[in-house]
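*Asks:*
Protein chains: 2
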Amino acid sequence: MSEPSPGPGSASPTPESMDAFFRRLGSATEKLPKRLKQFAQYIAANPDKVAVSTIAELAEGAAVQPSAVMRFCQEMGFSGFSHMQKLFRSDYSDKWPDYATRLEQLREHGSDTPSALLAEFVDVGRSSLENLMVTVDPKALQQAVDVLARAETIHLVGFRRAFPVTSYLAYAFEKMEVPAILHSGLANMNMDHLIRPNDAVIAATFAPYTELTLDIAAKARESGADIVAITDVVTSPLARLKAIQLLVAELDVGAFRALSASLCLAIALAVSVGAQRNGK
Amino acid sequence: MSEPSPGPGSASPTPESMDAFFRRLGSATEKLPKRLKQFAQYIAANPDKVAVSTIAELAEGAAVQPSAVMRFCQEMGFSGFSHMQKLFRSDYSDKWPDYATRLEQLREHGSDTPSALLAEFVDVGRSSLENLMVTVDPKALQQAVDVLARAETIHLVGFRRAFPVTSYLAYAFEKMEVPAILHSGLANMNMDHLIRPNDAVIAATFAPYTELTLDIAAKARESGADIVAITDVVTSPLARLKAIQLLVAELDVGAFRALSASLCLAIALAVSVGAQRNGK
DNA sequence: GTCATTTTAGAATAAAAATTCCAAAATCAT
DNA sequence: ATGATTTTGGAATTTTTATTCTAAAATGAC
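Quick note, the sequences are listed as chains D and V, same order.
According to the numbering used here, the first sequence is numbered sequentially starting from 2.
According to the numbering used here, the second sequence is numbered sequentially starting from 2.
1) Indicate whether at least one CB of chain V lies closer than 7 Å to the CB of Cys265/D.
2) Counting only beta-carbon atoms, is Met71/V nearer than 7 Å to chain D?
3) Could you spell out where the alpha helix (DSSP H) holding Ala21/D opens and where it closes?
4) Can you tell me where the beta strand (DSSP E) with Ala145/D in it begins and where it stops?
5) Considering Cα atoms alone, identify which of Ser18/V, Thr30/V and Ile196/V is closest to Ala152/V.
6) Just how far apart, CA to CA, sit Arg278/V and Leu157/V?
7) Just tell me which of Ala226/V, Ala250/V and Met77/V has its CA closest to the CA of Ser237/V.
8) Counting only beta-carbon separations shorter than 7 Å, does Phe40/D have a partner in chain V?
9) Say whether the segment 133-150 of chain D touches the segment 138-148 of chain V, bearing in mind that this needs 3 or more beta-carbon pairs closer than 8 Å, one atom from each stretch.
10) For Ala171/V and Leu183/V, which I take to be in contact (beta-carbon distance under 8 Å), what is that distance rounded to the nearest angstrom?
11) Would you list, in chain order, the members of the segment 49-73 of chain V that have their beta-carbon closer than 9 Å to a beta-carbon of chain D?
12) Against chain D, with Cβ distances strictly below 7 Å, would Leu213/V count as a contact?
13) With Ala204/D and Ala218/D assumed to form a contact (beta carbons below 8 Å), what rounded beta-carbon distance in angstroms separates them?
14) Establish whether the CB of Ala141/V and some CB of chain D are separated by less than 7 Å.
15) Who are the Cβ neighbours of Val148/V in its own chain at under 7 Å, not counting the five residues just before and after it?
16) Put Phe207/D into one of helix, strand or coil per three-state DSSP.
17) For His184/D, list the residues DSSP reports as bridge partners.
18) So that I know if they touch, is there some Cβ in chain D lying closer than 7 Å to that of Ser83/V?
19) Output the distance between the C-alpha atoms of Val146/V and Phe174/V, rounded to the nearest integer angstrom.
20) Can you pull the chain V residues whose beta carbon is under 7 Å from the beta carbon of Ser168/D, in chain order?
21) For a contact meaning CB atoms closer than 7 Å, what does Leu157/V contact in chain D?
22) Measure from the C-beta of Tyr210/D to each C-beta in chain V and report whether the shortest distance is under 7 Å.
23) Quick check on the DSSP output: the alpha helix (DSSP H) that includes Thr167/D runs from which residue to which?
24) In the DSSP assignment, the beta strand (DSSP E) including Leu247/D goes from what residue to what residue?
25) Report yes or no: is there a C-beta of chain V within less than 7 Å of the C-beta of Gly186/D?
26) Suppose you measure from the CA of Cys265/D to the CA of Val65/V; what does that come to, to the nearest Å?
27) If you measure from the beta carbon of Arg151/D to each beta carbon in chain V, is any gap under 7 Å?
28) Quick check: Thr232/D and Arg161/D, are their CB atoms within less than 7 Å of each other?
29) Looking only at its chain, what residues have a beta carbon closer than 7 Å to the beta carbon of Gly126/V, apart from the 5 residues adjacent to it on each side?
30) Bridge partners for Arg222/D per DSSP, in chain order?
31) Figure out for me which residue from Ala117/D, Ala41/D and Ser263/D has the closest Cα to the Cα of Ala269/V.
32) Quick check: what's the CA-CA separation for Leu26/D versus Ala45/D?
33) Does the Cβ of Ser263/V lie closer than 6 Å to at least one heavy atom of the ligand ZN?
34) When you compare the CB positions of Val254/V and Glu121/V, do they come within less than 7 Å of one another, or not?
35) Count the other CB atoms within 10 Å of the CB of Val53/V; is the residue buried (16 or more) or exposed (fewer)?
36) Using a Cβ-Cβ cut-off of 7 Å (strictly less than) and excluding sequence neighbours within five positions of Val70/V, which residues of its own chain qualify?
Here it is, written out as structure tokens:
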């Protein structure tokens, strides 16, 4: 079996992973001729179609000729469409929910069992995570990291449903030796006065918003500390405090949420802050 | 455009959805001849391959002839392989990460930014969630729910990295008015003696295991309480205590985990227990 | 064990898809 | 504007893939 080689003219190496492909797509699209750029944009918007379509179908979808598709593939470092499709197809299996397992479970047990409920939370969690990439504004995130990296001490404020988020942040910051204080609300003790002008606050709260969180955030604002808000909608009361907002639209199952997306955002935030403070 | 019709001989209707397909697969497999049954089993185990493989590839994977694949498809109510593949391909698009959004972000900002890191945690979180359906044994889960629903009081034990899990459980149980105590480790106060024989303990710990969690679990076992373990591998020290094990294989990004899967399991567990205690 | 029926393997064929090629159109440099 | 160069559209060709067909093997009834 002979390895396909990149087409002539372009010396670009063959992308070996989806990630590499999209990086290349991002950097090369600009300087592509009209029709190829047109197709590149179509691919960027519909990457899911590549693995399961023919050249003709994709060409029609992007309103270009099949031969343009061919040239595009070669430009991207593949020998042809089939070669490129192979990459997309190999990436495909990963994204499949494990129907076999779930079906077997449903067959052996009812559809009203704990594992059926778990399957639902899993599905919703996956969607919420994917959503996160859309709702979180990268600029705001970068800004949040900057502010937190600069802060003397980071205060973590979030109760009830949001407490897992702040407590995980506390763990992560401790591990990276970033000075952070977890406001626990314990014994109704007031920790507000610990917040100094050069500090920053991460406030997490979701509707229905916890009064205490808003209070502490307001106090922090008065003392001049920066506020990063992990919350659910732009109209959240934290907006009034000129907080940097990171939005998480967590979907519910019944009255509960899996918090998958919030935790994910929290840990990414923490690690970024840790990296910017320590290394770099 | 004319609809393909089922092959001759079989009067079975064409499955219109993945769900219908698998139902049919389940009920028909038994009475299929040898080679067709062999292929049916292969499909049940590798449904993700169908959309992105050729007949020849699938045939080889299942160690049957291409013509056997063809006969199988007709037996299932399709006109042929292409017809069946169409169903598998159309089911697919939902499950894709939103590359378009990520690309745009990467174009506007670098690849070394917080949002790039977030994207990584999102990806890993999705995989972990999917994994969860495989690692959690439905029988064990049902058993755990039974035990917890029967318990007088539920004790929640888990520190450091596992604390978000237990604190979220505490929130959920409170909301559903299930009597639960969150062991906080606060002031090193010993809450062990609160655990009575008719209680149950949910112990969450991941490698490297927290000593305190294991201690409390051991004390609980002595006093006769049941133990449900949320942990990462079967060889976890909690296994020795004859705990009911719920396994979560959370993937890392660097030294950190998103906890998405653990939280998901926790909330599904909590809601099931709540439902079984209150309603039903 | 013999015959009828079902099932299988593999070659033969038909269909569909990918790839190449080249003349025409567009773009660019001068 | 003119000629050189790049890009494009679409038909022609090649390759791959799906499907059909048939003789042989296996199975089952008697």
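Ideal Cβ positions, reconstructed from N, Cα and C, are used throughout, including at glycine.
*Replies:* Per the coordinate set shown:
1) Mapped onto the first sequence, residue 265/D falls at position 264. With 7 Å as the cut-off, Cys265/D counts as an interface residue toward chain V.
2) In the second sequence, residue 71/V corresponds to position 70, counting from 1. Not an interface residue.
3) What you label residue 21/D is simply residue 20 of the first sequence in a count that begins at 1. Note, Ala21/D: alpha helix (DSSP H), Met19 to Ala29.
4) Mapped onto the first sequence, residue 145/D falls at position 144. Run containing Ala145/D: none in the beta strand (DSSP E); it sits in the alpha helix (DSSP H), Pro139 to Arg151.
5) Numbered from its first residue, the second sequence carries residue 152/V at position 151. Of the listed residues, the one whose Cα sits closest to Ala152/V is Ile196/V.
6) To locate residue 278/V, count along the second sequence from 1; it is residue 277. To locate residue 157/V, count along the second sequence from 1; it is residue 156. In a straight line, the C-alpha of Arg278/V is about 17 Å away from that of Leu157/V.
7) Locating residue 237/V in the second sequence gives position 236, counting from the first residue. Closest option to Ser237/V, Cα to Cα, is Ala250/V.
8) Against the first sequence, residue 40/D aligns to sequence position 39. So no, Phe40/D is outside the interface.
9) They do not touch, by the three-pair rule.
10) On the second sequence, residue 171/V is found 170 positions in, with the first residue counted as 1. On the second sequence, residue 183/V is found 182 positions in, with the first residue counted as 1. Cβ atoms of Ala171/V and Leu183/V come within 8 Å of each other, at about 4 Å.
11) Only those residues of the segment 49-73 of chain V whose C-beta falls short of 9 Å from the nearest C-beta of chain D are listed: Asp49, Lys50, Ala52, Val53 and Ser54.
12) Along the second sequence, one-based indexing puts residue 213/V at 212. For Leu213/V, the closest Cβ of chain D is not nearer than 7 Å.
13) Counted from its first residue, the first sequence places residue 204/D at position 203. Counted from its first residue, the first sequence places residue 218/D at position 217. At roughly 5 Å, the Cβ-Cβ gap stays under 8 Å, so Ala204/D and Ala218/D are in contact.
14) For the purposes of this step, residue 141/V is taken as the residue at position 140 of the second sequence. Closer than 7 Å: no.
15) By 1-based counting over the second sequence, the position of residue 148/V is 147. So the qualifying residues of the chain are Ala201, Asp227, Val229 and Ile245.
16) As a first step, residue 207/D must be located in the first sequence, where it is residue number 206. In the structure shown, the three-state DSSP call for Phe207/D is coil.
17) As a working mapping, residue 184/D is identified with position 183 in the first sequence. In DSSP, His184/D forms a bridge with Val158/D.
18) For the purposes of this step, residue 83/V is taken as residue 82 along the second sequence, with counting starting at 1. Not closer than 7 Å to any Cβ of chain D, the Cβ of Ser83/V fails to qualify, so no.
19) Here residue 146/V is taken as the residue at index 145 of the second sequence, counted from 1. Here residue 174/V is taken as the residue at index 173 of the second sequence, counted from 1. In this model, Val146/V and Phe174/V are separated by some 13 Å (Cα to Cα).
20) Residue numbering aside, residue 168/D sits at position 167 when the first sequence is read from its first letter. Neighbourhood of Ser168/D in chain V, by CB distance below 7 Å: Phe164, Pro165 and Ser168, in chain order.
21) For this step, residue 157/V is matched to residue 156 along the second sequence. None at all; the shortest Cβ gap to chain D is about 12 Å.
22) In the first sequence, counting from the first residue as 1, residue 210/D sits at position 209. No, no contact with chain V.
23) Position 166 of the first sequence, counting from 1, holds the residue named residue 167/D. Segment Phe164 to Lys176, the alpha helix (DSSP H) holding Thr167/D.
24) Numbered from 1 along the first sequence, position 246 holds the residue referred to as residue 247/D. Segment Ile245 to Leu248, the beta strand (DSSP E) holding Leu247/D.
25) Position 185 of the first sequence, counted from the start, is the residue given in the question as residue 186/D. Not an interface residue.
26) Here residue 265/D refers to the residue found at position 264 of the first sequence. Here residue 65/V refers to the residue found at position 64 of the second sequence. CA-to-CA, the gap between Cys265/D and Val65/V works out to about 44 Å.
27) Mapped onto the first sequence, residue 151/D falls at position 150. Interface criterion not met: the Cβ of Arg151/D is under 7 Å from no Cβ in chain V.
28) Mapped onto the first sequence, residue 232/D falls at position 231. Mapped onto the first sequence, residue 161/D falls at position 160. It is not a contact, given that the beta carbons lie outside the stated cut-off.
29) If you number the second sequence from 1, residue 126/V lands on position 125. The beta carbon of Gly126/V sits closer than 7 Å to the beta carbons of Ala259 and Ser261 from its chain, once the five residues preceding and following it are set aside; these are given in chain order.
30) Indexing the first sequence from 1 puts residue 222/D at position 221. DSSP output for Arg222/D lists no bridge partner at all.
31) Stepping through the second sequence from its first residue, residue 269/V is reached at position 268. Closest by alpha carbon: Ala117/D.
32) Within the first sequence, residue 26/D is the residue found at index 25, counting from 1. Within the first sequence, residue 45/D is the residue found at index 44, counting from 1. Looking at the two C-alpha atoms, the distance is approximately 8 Å.
33) Of ligands this structure carries none, so the ligand ZN is not represented either.
34) Indexing the second sequence from 1 puts residue 254/V at position 253. Indexing the second sequence from 1 puts residue 121/V at position 120. Yes.
35) Along the second sequence, one-based indexing puts residue 53/V at 52. When all chains shown are included, Val53/V counts as buried.
36) Numbered from 1 along the second sequence, position 69 holds the residue referred to as residue 70/V. Apart from sequence neighbours up to five positions away, the residues of its chain that approach Val70/V with a beta-carbon distance below 7 Å are Phe40, Ile56, Leu59, Ala60 and Phe82, ordered along the chain.
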